[in-house]
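Chemist: Protein sequence lines correspond, in order, to chains A and B. Quick note: to get the numbering used here, add 29 to the position in the first sequence (first position is 1). Quick note: to get the numbering used here, add 458 to the position in the second sequence (first position is 1).
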Amino acid sequence: DARVTQTPRHKVTEMGQEVTMRCQPILGHNTVFWYRQTMMQGLELLAYFRNRAPLDDSGMPKDRFSAEMPDATLATLKIQPSEPRDSAVYFCASGLVDRGRYNEQFFGPGTRLTVL
Amino acid sequence: KQEVTQIPAALSVPEGENLVLNCSFTDSAIYNLQWFRQDPGKGLTSLLLIQSSQREQTSGRLNASLDKSSGRSTLYIAASQPGDSATYLCAVSGAGNNRKLIWGLGTSLAVNP
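1. Would you decide whether Ile465(B) is buried or exposed? Buried here means 16 or more other CB atoms lie within 10 Å of its CB.
2. Under the rule that 16 or more other beta-carbon atoms within 10 Å means buried, what is Thr60(A), buried or exposed?
3. Go ahead and label Asp115(A) buried or exposed: buried means 16 or more other beta carbons lie within 10 angstroms of its beta carbon, across all protein chains shown.
4. So, with DSSP's three-state summary, where would you put Arg495(B)?
5. Whole angstroms are fine: how far does the CA of Gly529(B) sit from the CA of Phe135(A)?
6. So, are the CB atoms of Gly124(A) and Gly501(B) less than 8 Å apart?
7. Looking at Trp493(B): is its Cβ nearer than 8 Å to the Cβ of Leu72(A)?
8. Just to confirm, are Gly45(A) and Pro110(A) a CB contact at a threshold of 8 Å?
9. Which chain A residues are close to Leu563(B), counting only those with a beta carbon under 7 Å from its beta carbon?
10. Would you identify the three-state DSSP class for Gly562(B), choosing helix, strand or coil?
11. In chain C, what lies closer than 9 Å to Phe94(A) by C-beta?
12. Val48(A): buried (16+ other C-beta within 10 angstroms of its C-beta) or exposed?
13. With a CB to CB cut of under 6 Å and the five nearest residues on each side skipped, what residues in its chain are close to Ser95(A)?
14. Counting only the same chain and skipping the five closest in sequence on each side, list residues whose C-beta sits under 8 Å from that of Ala568(B).
15. Using a Cβ cut-off of 8 Å (strictly closer), state whether Lys500(B) contacts chain A.
16. Determine the extent of the beta strand (DSSP E) in which Asn80(A) is found, giving its start and end residues.
17. Would Gln515(B) count as contacting chain A if we go by Cβ distances under 8 Å?
18. Whose CA, out of Val33(A), Gln35(A), Ala101(A), lies closest to the CA of Ser82(A)?
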């Protein structure tokens, strides 16, 4: 049963601390997306990768957020330093681009981040 | 700039009713449109994906239609069940090199037994 996994599922931290969220995409998928969901803004794309290369991170605050794919089985999203306004649910999704065709995205269960 | 709107924001219906959820988008130059379901505290599940060249897609009791020229999509749910209660989100992907999804805020559906 292939699925996207995310760790941790919940994280409570204090303002100023570093937060690292991890995602394991579905094996064989070549695109990975990071989203943030809040009640007010809904879902926002933070960054996405294709074949491990970042294609678009325009939605990500560059001064404190960073996203990487050290290998094809791991994507990370890091916030340093964290702020209360970063409190949200962070979703990772993966998908397959096949001959230029973008297929559906499969979502992980999310990391619920609370910054006090 | 693409904007996606979903109406209504919330809907409550009795079990067995057929219902329609609406999604509208401002830029008709899209690559595809997806409907997702989100259960409370859970991730998103893709329900249907409609490519820009298609008019509709069906899966079980779900049927999604796409009218690019008018910037609209509908999700039709037949014979609704309490298990259909969830938030339904619509997302469109741009036609240019940037395929990122632009999301609506969702319709929260409650199907009452």
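Glycine residues also receive a C-beta, built at the ideal position from the N, C-alpha and C atoms.
Modeler: Looking at the atomic coordinates:
1. If you number the second sequence from 1, residue 465(B) lands on position 7. The residue is exposed, with fewer than 16 neighbouring Cβ atoms inside 10 Å.
2. The residue labelled residue 60(A) in the question sits at position 31 within the first sequence. It counts as buried.
3. By 1-based counting over the first sequence, the position of residue 115(A) is 86. It counts as buried.
4. The residue labelled residue 495(B) in the question sits at position 37 within the second sequence. Three-state DSSP puts Arg495(B) in a strand.
5. Looking up residue 135(A) in the first sequence gives position 106. Looking up residue 529(B) in the second sequence gives position 71. The straight-line gap from Cα to Cα measures roughly 25 Å.
6. To locate residue 124(A), count along the first sequence from 1; it is residue 95. To locate residue 501(B), count along the second sequence from 1; it is residue 43. Contact flag unset, no.
7. Start at 1 with the first residue of the second sequence, and residue 493(B) comes out as number 35. Start at 1 with the first residue of the first sequence, and residue 72(A) comes out as number 43. Going by C-beta atoms, Trp493(B) is not nearer than 8 Å to Leu72(A).
8. Position 16 of the first sequence holds residue 45(A). Position 81 of the first sequence holds residue 110(A). Yes.
9. The count along the second sequence starts at 1 and reaches residue 563(B) at position 105. Here the neighbours are Gly71.
10. Walking along the second sequence from the start, residue 562(B) turns up at place 104. Note: Gly562(B) maps to coil in three-state DSSP.
11. Of the chains in the structure shown, none is chain C; the protein chains are A and B.
12. Start at 1 with the first residue of the first sequence, and residue 48(A) comes out as number 19. By the 10 Å Cβ count, Val48(A) comes out buried.
13. By 1-based counting over the first sequence, the position of residue 95(A) is 66. Cβ neighbours of Ser95(A) beyond the five flanking positions: Lys107.
14. Against the second sequence, residue 568(B) aligns to sequence position 110. Around Ala568(B): Ala468, Leu469, Ser470, Val471, Ser543.
15. For the purposes of this step, residue 500(B) is taken as residue 42 along the second sequence, with counting starting at 1. Closer than 8 Å to some Cβ of chain A, the Cβ of Lys500(B) qualifies, so yes.
16. The residue you call residue 80(A) lines up with position 51 of the first sequence. Element bounds for Asn80(A): n/a, residue is neither H nor E.
17. Residue mapping note: residue 515(B) aligns to position 57 of the second sequence, counting from 1. Closer than 8 Å: no.
18. Position 53 of the first sequence, counted from the start, is the residue given in the question as residue 82(A). For the sequence presented, residue 82(A) should be read as Ala rather than Ser. When only C-alpha atoms are compared, the closest one is Ala101(A).
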